[in-house]
Amino acid sequence: MINFGVIGTGQFASYFIAALRRGGYDGNVLLSPRNADVASTLAHNHACVVAASADEVLAGADVVLLSVRPEHAEVALANLHWERRHTVLSAMAGIRLDDLRTLLPGVGGIHLIMPGSYIEIAPGPIPLYPPAPGLMPLLSCAGDVVALPNEAAFNAAMVSLCASTWIYDLAHALAAELERHGLEPDAARALTLGNIAGPASFALGVPETSLLDISAGIATERTFTKTGLDHLKARHFDTPWREAIARLAEMLKLPADDSGATVSICGRCDGM
Ligand SMILES: NC(=O)c1ccc[n+]([C@@H]2O[C@H](COP(=O)([O-])OP(=O)(O)OC[C@H]3O[C@@H](n4cnc5c(N)ncnc54)[C@H](OP(=O)(O)O)[C@@H]3O)[C@@H](O)[C@H]2O)c1
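Here it is, written out as C-alpha cells:
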C-alpha cells in the first residue's frame, strides 16, 4: 500500500484527499502542518495524520503531493530531504517539469496532475503526465486517469479543467433565462444541470460516435432543438469559447514553442 504525503494542505489537497477516500484508498495520509485548520479538518474527516514538519512528511511517505500555490513553491521545497524512493505528484498549475526537476533534486519520479474540485463528489478525469503505471492503484481511486503523451498535451488538459468551471457560468445563464420563462429557480437549476450531466454521461458511453453526430441525430429537421441550434450557430456561439481556450493555451506555451522565452505563467496567474 502506498503511503501518501502532502506538502501544501489547502483547497486542492482537501478535495484530492476526499476523492481518494471516496474511491476507497485507505492507506496512510501524512499532511504538512501549515494551515492548521485545514489539516485538522482533514485529519478528522478523512483519517489523515498531521506531521510535525514537511521533512516528517517525506520520512513517512513514498508518494508526495505538492499543492502549495506556485509562488510559494520555491520556499516550500527548499532544503527538504528528497530520496530516490519518493515519487512526486505536482498539482501546481504552470510549474513545468523542468523547473520541478531543479526544485526536487534526488527525487525518483515527478508527475503532473490536474483534476477538478468536483472529484470530491463525483468521479472525473485525472490528467497525468508522464504516465505512471505504478501510480494507478492510488490515482484510480480519485478518478479516471487520462495519461498524456507530452507536456503540451498536459497543458491543454489544464485548459480543459478551466473550461469545466466556465460551464457553471453557462449553466447559470441558461437557468436564469429559463426562470424568466416560467421555471422556479430550483427547477431551473435541476433541469439545467441534469441536462448538462445527462448528455455528458451519454456521450462518454458511446466513445465511437462523434459529438456532432449525436447532436445531428437528435436535432433533426423541424424540431425545436434544431431551431435553437441553428440560431446559436448563426450567431457563432463557439467563437468566444474557442478564443478563451486559445488565450490560455498561448499563456501556457512551453519554451520550445515560444522562441526560447522562459516566461513562467506563475508570474501571470495565481494558479488555477
Ligand atoms: N484549488 C483548485 O481548484 C486547484 C485546481 C487545480 C490545481 N490547483 C493547484 O493547487 C495548488 C494549491 O492551490 P489551493 O487552491 O489548494 O491553494 P491554498 O488553498 O492556498 O493551499 C495552499 C496551501 O499551501 C500552504 N503553504 C503555503 N506555503 C507553504 C510552505 N512554505 N510549506 C507548506 N505549506 C505551505 C498554505 O498554507 P497557508 O494558508 O498557511 O499559506 C495552504 O494551506 C496551486 O498550485 C494550484 O495551482 C488548485
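For the sequence shown, the positions run 23 to 294 when our numbering is used.
Yeah, the Cβ is synthetic: ideal placement off N, Cα and C, and Gly gets one too.
- Non-local beta-carbon contacts of D252 in its own chain, meaning distances under 7 Å to residues more than five positions away in sequence, are absent.
- Between ligand 1 and the CB of R44, the shortest heavy atom gap is not smaller than 7 Å.
- For S75, the distance from the CB to the nearest heavy atom of ligand 1 is not below 7 Å.
- Pairing A115 with D77, the inter-Cα distance amounts to about 23 Å.
- In the structure shown, the three-state DSSP call for I143 is coil.
- When DSSP reads this structure, D166 sits in a beta bridge with P147.
- The beta carbons of H108 and V90 sit no closer together than 8 Å.
- DSSP places G131 in the uninterrupted beta strand (DSSP E) bounded by G131 to I135.
- Look at G27 here: in three-state DSSP terms it is strand.
- Note that the C-beta distance between L126 and F26 is not below 8 Å.
- Per DSSP, T231 has no beta-bridge partner at all.
- For I24, the closest of E243, L170 and L52 by C-alpha to C-alpha distance is L52.
- Remark: the shortest separation between the CB of N57 and any heavy atom of ligand 1 falls under 7 Å.
- When Cβ pairs closer than 8 Å are counted between the two stretches, the stretch 261–275 is seen to touch the stretch 170–186, the count reaching three or more.
- Excluding its 5 nearest sequence neighbours in each direction, G138 has C-beta neighbours in its own chain below 7 Å: G146, L183 and S186, listed in chain order.
- Boundaries cannot be given for T242, as no alpha helix (DSSP H) includes it and DSSP labels it neither H nor E.
- M158 and A164 have their C-alpha atoms spaced approximately 10 Å apart.
- Nearest to A238 by alpha-carbon distance, out of K248, H203 and P229, is K248.
- Shortest Cα-Cα distance from A197 to any of I267, I189, H203 and R211 involves R211.
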